[in-house]
Ligand code: COI
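Residue numbers (my numbering): 23 to 378.
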């Protein structure tokens, strides 16, 4: 059953002139919230089942001051994108992967989660209701932000008695203020993002609050973001605050293996598959920080970030530079294949895109 048929505000969604593009400056989208028309909400009570969701006007939500998410951080989020094709059709990129990742995270955080089908249907409904906010082809994408939160009241530490699944969207352009120009990273060797046995491998909200201190300090010194090391050996690369990392040496592409402390990025996984299909050798393994010293190229991947070239990395005061001004050859090739696939400009042999 489509969630389109379960909402009182559905007719609002249809009667809005959604085929007309919203009247905003499409040329200068960054990565900031642009409120849109609708959001999707779906609740789950103590029976553990999510009821039918609904589209509502985008706006503030009401929560008990003692909601589990506000008091104990029982929350997860996801990020995925919709693209407008040249012919006006809409493409989602691998939404089932986000649904599955949310289900994995929910298991770790003791939360019930929507089924893959519920998740994907809800994403489709939210995107369609907001389709006038999907940027024209080549100008950006519609960023889709699903949330899962303990919305029921608790006082003692325990799983929340009620959960809310919510999706909102915002048109976005480039994540970093550098645009597609290389970013400059600093390796953080004191603060850590994740610990073995912790929650670094799931997309829980607290992982992101935990990086703000190091990120703010790095930005104050002129860096774009922070690259984290493992907290046991303080030697192996983990990830950047908002994206995964890849290192290229002699045309071999290496990235830290997923082992519970690194977010299993969907763009990370897609880039590995694209790289292999383009004939590259890709290794998922421990990558020591010293390997940055003689790497040919370094780049980051993420839904928000897409593929971002790294211009320099500073580690304990020593700065190593890579590309200047643009992409390195390997990152450029992978970026080009991935984004053309996402925007429907090449044949989707991988079967990753979902057309609306
Ligand atoms: C994404 O890339 O979608 C993320 O969730 C990272 C976020 C910090 C913007």
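Using N, Cα and C, we set each Cβ at its ideal position, and we do this for glycine too.
The continuous beta strand (DSSP E) containing residue 266 extends over residues 266 to 271. Taking the CA atoms as reference points, residue 62 sits about 8 Å from residue 80. Under the three-state reduction of DSSP output, residue 225 falls in the coil class, being neither helix nor strand. Under the 10 Å beta carbon count, residue 298 is surrounded by fewer than 16 other beta carbons and is classified as exposed. In the three-state DSSP reduction, residue 357 falls in the helix class (H, G or I). Only residues of its own chain outside the window of five on either side were considered, and among them 246 have a CB closer than 7 Å to the CB of residue 200, listed in chain order. Any heavy atom of ligand 1 counts here; residues with a Cβ closer than 5 Å to one of them, in chain order, are 101, 264, 324, 325, 326. The three-state reading of DSSP puts residue 61 in strand, counting E and B together. The continuous stretches of beta strand (DSSP E) do not include residue 238, which lies in the alpha helix (DSSP H) extending over residues 234 to 242. Three or more beta-carbon pairs separated by less than 8 Å link the region 293 to 310 to the region 347 to 364, which places the two stretches in contact. The Cβ atoms of residue 166 and residue 97 do not sit closer than 9 Å to each other. Around the beta carbon of residue 333, 16 or more other beta carbons lie within 10 angstroms, which makes this residue buried.
Annotated as proximal: residue 141 and residue 168, with beta-carbon spacing under 9 Å.
Residue burial annotation: residue 364 is buried, with at least 16 other C-beta atoms found within 10 angstroms of its C-beta. Looking at the DSSP output, residue 377 sits in a beta bridge with 113. The straight-line gap separating the alpha-carbon atoms of residue 337 and residue 203 is approximately 21 Å. CA-CA distance, residue 277 to residue 348, rounds to 21 Å. Residue 212 and residue 262 have their C-alpha atoms some 14 Å from each other. Excluding the 5 residues flanking it on each side, residue 183 has same chain C-beta neighbours closer than 6 Å at 68, 174, in chain order.
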